[in-house]
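Residue 2 is where the sequence shown starts when you use the numbering used here, and the numbers rise one by one after that.
Each residue gets a CB set at the ideal place from its N, CA and C atoms; glycine is no exception.
No experiment lies behind these values; they were computed from the predicted model shown.
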Amino acid sequence: MTLPVLEINLCKLAYNAKIEVCLLAQYGVTVMGVNKVFNGLVETAEALIKGDITTIAESRIANLKRMQHLPCEKCLLRTPTPSEISDTIRFADISLGSDRETIKELGIEASRQERHHQILLMVDMGDLREGIWFESYAEIVAAIKEILRWPWLQLYGLGTNFSCYGTIILTKEHLDLFVDLALKLERDLELRFKYLSGGNCTSYHLMHNGQWNPRINHLWIGGLHQFGIEYVDMKYVNCFFHSQKECKLAVSDLYLFKAEIIEIYHKPTMPYGKLGVDAFLQ
């Protein structure tokens with residue numbers, strides 16, 4: 002065995018995924034399983050599928066290429082760059098979208114390949130990650146119409162995200178505002194969204210606290226099956242395999258890291274001597 006190595010207990014991972022699917026189903030929520038923390042390991046994706054997750058999400062197309070044989074939908078968990086349009090249609094069933102020009106290029110390429118592709122249109126509700134700003138109503142309407150005008154594109158749903166780039170915690174007020182926006186879009190465009198996606202695993206705390214909006218029926222989840230942690234209140238969730246150590250250490254009984262020790266010494270906390278330029282040229 003070449004060291005260092007990280008061992009992953011796939012049985013425990015599959016169990017956590019199954020618990021996750023069952024737990025969120027009680028709230029009418031479909032789970033999209035995020036696998037990117039494992040850098041596209043096919044084995045971990047297979048474990049999630051064994052846990053009844055039907056869509057695997059990755060942030061790299063190269064990872065999705067390796068998963069084409071798996072019996073699940075594949076999602077590119079971001080908007081593709083212009084150079085990735087062709088591969089996105091070829092290797093991803095779903096992608097996140099927010100830019101009309103990108104949506105147009107996806108529509109053209111999907112028609113050329115004659116492959117159906119679904120787009121989860123993202124709305125930025127304050128975290129400043131991807132998405133059309135929620136107050137730009139005309140732009141959101143235009144993006145939806147752009148998706149609907151292409152015969153090989155489908156509107157997967159309307160999505161938003163929190164506790165990511167801006168570390169903004171999802172509140173009931175945020176969620177209700179997002180749902181109100183979705184309802185207005187449905188009335189004005191005479192459609193019904195298949196999915197309203199309320200973000201990632203940090204949204205779970207609203208379910209736990211009895212503040213969930215029943216119209217939200219989709220989340221992309223990673224942290225729950227990976228660590229069994231509810232990341233807003235920073236506590237372990239019952240029934241999941243997780244560590245018995247302090248929650249903020251973000252460790253788990255699912256993993257065992259093996260490495261060789263080179264040296265162990267007691268040394269001062271601060272360097273001794275005159276400081277020079279560091280690795281960041283500071």
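Per DSSP, the beta-bridge partners of T56 are E74. Distance from the CA of P72 to the CA of K249, rounded to the nearest whole angstrom, comes to 35 Å. Using a Cβ distance threshold of 8 Å, I145 and L121 do not count as a contacting pair. When Cβ pairs closer than 8 Å are counted between the two stretches, the segment 266 to 283 is seen not to touch the segment 3 to 21, the count staying below three. Beta-carbon to beta-carbon, R61 and V43 are separated by about 13 Å, too far to satisfy the 8 Å threshold. Distances from the alpha-carbon of C165 to those of T56, R130 and I109 put R130 closest. According to DSSP, residue pairing for Y138 in a beta bridge does not occur. Note that the C-beta distance between L65 and H226 is not below 8 Å. Distance from the CA atom of L11 to the CA atom of A48, rounded to whole angstroms, is 6 Å. The three-state secondary structure of G158, taken from DSSP, is strand. DSSP places V180 inside the alpha helix (DSSP H), whose first and last residues are K173 to L190. At the C-beta level, P215 and G29 come within 8 Å of one another.
When DSSP reads this structure, L14 sits in no beta bridge, so it has no partner.
For a cut-off of 8 Å, the C-beta gap from V32 to K259 is around 31 Å, too long to register as a contact. DSSP lists G34 as the beta-bridge partner residues of I222. In the three-state reduction of the DSSP assignment, F39 falls in the helix class.
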